[in-house]
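Residue numbers (this note's numbering): 242 to 453.
Reviewing the structure listed below.
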């Protein structure tokens with residue numbers, strides 16, 4: 242599983258570099274790419290978090306695909322995959338998002354029963370490595386697509402047991418994707434509002450000094 246996580250990470254790095262290479266994201270090592278033969282974990286500012294970010298996803302896929310070889314019991318394989326999916330959801334939502342991209346989201350239920358989305362974003366992004374950000378966002382988008390393909394496959398083959406598993410996987414991965422996309426947009430709006438406020442303050446100060 243660890244070996245497959247490493248392969249997954251190398252593919253994510255390569256595809257991420259091709260997809261987002263033109264964007265010079267701010268990070269601890271801006272624009273730096275792993276050297277040939279160098280693991281992306283060496284270029285990461287949080288290699289342990291990155292390992293778990295990729296590890297739970299990879300492990301869930303491995304057990305799902307090779308479940309019949311691991312155990313003859315469908316229930317056992319189903320429970321293991323579901324647990325790995327739950328671990329991945331919690332880890333991405335509460336740990337790796339905060340460490341790898343400086344974002345965190347959660348949903349609160351108010352006293353009147355309504356839901357309210359909450360977002361946190363790190364003001365100092367100097368410790369966000371470019372490779373961490375690329376791998377995080379790439380896997381966040383790719384994971385729901387992979388599980389959607391498996392869901393369609395189980396639906397066409399009338400495999401209702403594994404269909405339920407793929408639905409759970411899609412719900413959890415899509416929830417994190419939706420939450421972090423909204424969180425990222427909120428962070429950008431926050432930065433934009435701050436820049437506007439600073440510019441307005443400087444303009445007002447300039448007028449005051451000129452005509453005061």
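For every residue, glycine included, the Cβ atom is placed at its ideal position computed from N, Cα and C.
Note that the coordinates shown come from a computational prediction; the quantities given were computed from them, not determined experimentally.
| Asked | Found |
| --- | --- |
| Comparing alpha-carbon positions, which option in 289, 403 and 387 lies nearest residue 415? | 387 |
| Take residue 339 and list the residues in its own chain whose beta-carbon comes closer than 7 angstroms to its own, dropping the five residues that flank it on each side. | 345 |
| Look at residue 367 and residue 341 and say whether their C-beta atoms are less than 8 angstroms apart. | no |
| Consult DSSP for residue 411 and reduce its assignment to one of helix, strand or coil. | helix |
| Name, in chain order, the residues that DSSP records as bridge partners for residue 345. | 361 |
| Where does residue 400 fall in DSSP's three states? | coil |
| Span of the alpha helix (DSSP H) holding residue 312? | Element bounds for residue 312: n/a, residue is neither H nor E. |
| Using three-state DSSP, classify residue 286 as helix, strand or coil. | coil |
| Just verifying my parser: in three-state terms, what is the DSSP assignment at residue 356? | strand |
| Any chance the segment 326 to 335 sits against the segment 404 to 414, with 3 or more Cβ pairs inside 8 angstroms? | yes |
| Look at the alpha carbon of residue 405 and the alpha carbon of residue 322, and state the distance between them as a whole number of angstroms. | 11 angstroms |
| Among 380, 355 and 351, whose alpha-carbon lies nearest the alpha-carbon of residue 293? | 380 |
| In chain order, what residues of the same chain lie with their CB nearer than 8 angstroms to the CB of residue 408, ignoring the 5 residues before and after it? | 392 |
| Under 8 angstroms, do residue 402 and residue 315 count as touching if we go by C-beta distance? | yes |
| Below 8 angstroms CB to CB, which residues in the same chain sit around residue 351 once its five sequence neighbours on both sides are set aside? | 357 |
| Kindly list the residues whose CB is nearer than 6 angstroms to the CB of residue 347, restricted to its own chain and excluding five residues on each side of it in sequence; keep chain order. | 359 |
| Tell me, which residues are paired with residue 350 by DSSP? | 356 |
| Exposed or buried, residue 429, counting other C-beta atoms within 10 Å across all chains shown (16 or more means buried)? | exposed |
| Would you report the Cα separation of residue 383 and residue 418, rounded to the nearest angstrom? | 10 angstroms |
| Is the beta carbon of residue 285 less than 8 angstroms from the beta carbon of residue 370? | yes |
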